[in-house]
Amino acid sequence: KKVMELVDVWKVYDLGEVKVEALRGVSFEVFQGEYVIIIGPSGSGKSTLLHILGCLDRPTKGKVLIEGEDVSKMSDRKLAQVRNRKIGFVFQSYNLLPRLNALENVELPMIYAGVPARERRKRAKELLELVGLGDRLHHRPNQLSGGQQQRVAIARALANDPVFILADEPTGNLDTKTGEEILELFRKLHEMGKTLVVVTHNLEMVDEGTCIVRIRDGRIEDVERRGVVYGDT
Ligand code: ADP
Ligand code: ADP
Numbered sequence: 002k003k004v005m006e007l008v009d010v011w012k013v014y015d016l017g018e019v020k021v022e023a024l025r026g027v028s029f030e031v032f033q034g035e036y037v038i039i040i041g042p043s044g045s046g047k048s049t050l051l052h053i054l055g056c057l058d059r060p061t062k063g064k065v066l067i068e069g070e071d072v073s074k075m076s077d078r079k080l081a082q083v084r085n086r087k088i089g090f091v092f093q094s095y096n097l098l099p100r101l102n103a104l105e106n107v108e109l110p111m112i113y114a115g116v117p118a119r120e121r122r123k124r125a126k127e128l129l130e131l132v133g134l135g136d137r138l139h140h141r142p143n144q145l146s147g148g149q150q151q152r153v154a155i156a157r158a159l160a161n162d163p164v165f166i167l168a169d170e171p172t173g174n175l176d177t178k179t180g181e182e183i184l185e186l187f188r189k190l191h192e193m194g195k196t197l198v199v200v201t202h203n204l205e206m207v208d209e210g211t212c213i214v215r216i217r218d219g220r221i222e223d224v225e226r227r228g229v230v231y232g233d234t
């Protein structure tokens with residue numbers, strides 16, 4: 002099953018005298034259960050691509066289909082809804098709300114989605130148990146280590162059972178050992194059949210992917226598919 006597709010996507014940043022072509026005709030599809038790794042040199046368009054995949058930004062030209070639905074022309078309001086319900090975000094910098102504890106951070110996307118209080122509390126607790134934080138439910142971000150904060154962020158990303166998880170350098174701020182723990186968690190999500198799309202420089206993580214996408218100068222240079230894809234493809 003195809004969960005996401007880009008069709009001839011261009012992104013041009015207009016800086017007055019100069020125009021920067023950050024993406025130049027990117028076409029690419031992601032199937033359910035794939036573990037997609039995006040690699041490429043600095044300035045090649047990885048962040049731009051991730052923002053477009055995440056519906057945080059719109060392409061200058063081309064189509065973005067999520068579960069077959071074209072999101073490139075949706076209203077901002079509808080787009081925000083797609084983001085909250087269908088995409089789970091994991092950032093290098095965790096992006097947790099500092100005044101909320103772990104449970105409340107994980108509940109937040111479910112509040113926006115209108116999930117009743119009792120149900121979302123139960124699900125948040127289960128998700129925190131899944132990521133190994135069952136004993137840290139009431140800790141606030143500053144009472145947690147970087148690795149633990151990233152686990153909370155991963156639990157939050159799973160909250161609305163998204164179509165895919167997008168991660169931007171999820172191990173980028175972590176030491177090697179903690180990074181490996183996050184790597185293991187991504188492996189577990191992959192084995193559970195989750196669809197993952199990750200930008201990373203972490204070579205161990207690159208090894209785990211089932212689809213390696215190389216970009217250079219705003220174009221896809223190579224797509225290599227390999228290994229086991231769990232879930233229903
Ligand atoms: P990467 O994530 O691979 O480093 P980016 O997507 O950040 O690449 O950048 C791709 C190109 O687009 C670069 O030339 C960068 O300078 C340019 N770029 C990115 N964001 C903007 C922006 N907001 N305004 C203008 N140019 C941008
Ligand atoms: P980078 O350091 O690669 O630029 P950031 O962590 O700063 O990545 O976030 C990238 C973009 O995503 C920013 O434009 C930010 O506003 C947006 N963003 C950050 N957190 C969230 C979130 N939880 N949900 C939706 N968008 C977010």
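If you count by UniProt numbering, then the sequence shown holds residues 2 to 234, one letter each, in order.
Using N, Cα and C, we set each Cβ at its ideal position, and we do this for glycine too.
(1) Report all residues for which the CB-ligand distance to some heavy atom of ligand 1 is below 5 Å; order them along the chain.
(2) I need the DSSP call for leucine 167, collapsed to helix, strand or coil.
(3) Among residues of its own chain, excluding the 5 on either side of glycine 46, which ones have a beta-carbon nearer than 6 Å to its beta-carbon?
(4) Got a sec, what are the start and stop residues for the alpha helix (DSSP H) alanine 23 sits in?
(5) Between the stretch 155 to 162 and the stretch 24 to 39, do three or more beta carbon pairs fall short of 8 Å?
(6) Could you check if arginine 226 is buried or exposed, using at least 16 other CB atoms within 10 Å of its CB as the buried criterion?
(7) Expressed to the nearest angstrom, what Euclidean distance is found between the alpha-carbon atoms of proline 142 and tryptophan 11?
(8) When you compare each of Glu205, Thr201, Ile183 and Ile112 to glycine 41 by their alpha carbons, which one comes out closest?
(9) Counting C-beta neighbours from all protein chains within 10 Å, is the total for tyrosine 36 16 or more, i.e. buried, or is it exposed?
(10) With three or more beta-carbon pairs closer than 8 Å as the criterion, would you say the stretch 194 to 211 touches the stretch 167 to 179?
(11) Rounded to the nearest angstrom, what separates valine 153 and leucine 51 at their Cα positions?
(12) Suppose you measure from the CA of aspartate 9 to the CA of leucine 66; what does that come to, to the nearest Å?
(13) Return helix, strand or coil for glutamate 35, following the three-state DSSP convention.
(14) Can you give the Cα-Cα distance for residue 235 and glycine 17, rounded to whole angstroms?
(15) Determine contact between the stretch 79 to 95 and the stretch 108 to 118, defined as no fewer than three beta-carbon pairs at a distance below 8 Å.
(16) If you count every other CB in all the chains shown that lies within 10 Å of the CB of methionine 118, and 16 or more means buried, which is it?
(17) Around the Cβ of glutamine 144, are there at least 16 other Cβ atoms within 10 angstroms (buried) or fewer (exposed)?
(18) On the DSSP letters alone, give me the boundaries of the beta strand (DSSP E) that valine 200 sits inside.
(19) Pick helix, strand or coil for valine 229, following the three-state DSSP scheme.
(20) In whole angstroms, what is the alpha-carbon distance linking histidine 139 and asparagine 102?
The answer reads as follows:
(1) Those residues that have a beta carbon less than 5 Å away from any non-hydrogen atom of ligand 1 are, in order along the chain, Tyr14, Val21, Ala23, Ser43, Gly44, Ser45, Gly46, Lys47, Ser48 and Thr49.
(2) strand
(3) So the list reads Ala23, Leu24, Ile216 and Gly219, once near-sequence residues are dropped.
(4) Unbroken run through alanine 23 is the beta strand (DSSP E), 19 to 32; no alpha helix (DSSP H).
(5) no
(6) exposed
(7) 38 Å
(8) Thr201
(9) buried
(10) yes
(11) 21 Å
(12) 12 Å
(13) coil
(14) This structure gives no information on residue 235, because the portion of the chain shown stretches from 2 to 234.
(15) Yes, they touch.
(16) The question names methionine, but residue 118 in the sequence shown is alanine. Classification of alanine 118: exposed, given that the 10 Å Cβ count is below 16.
(17) exposed
(18) 197 to 200
(19) Correct three-state label for valine 229: coil.
(20) 5 Å
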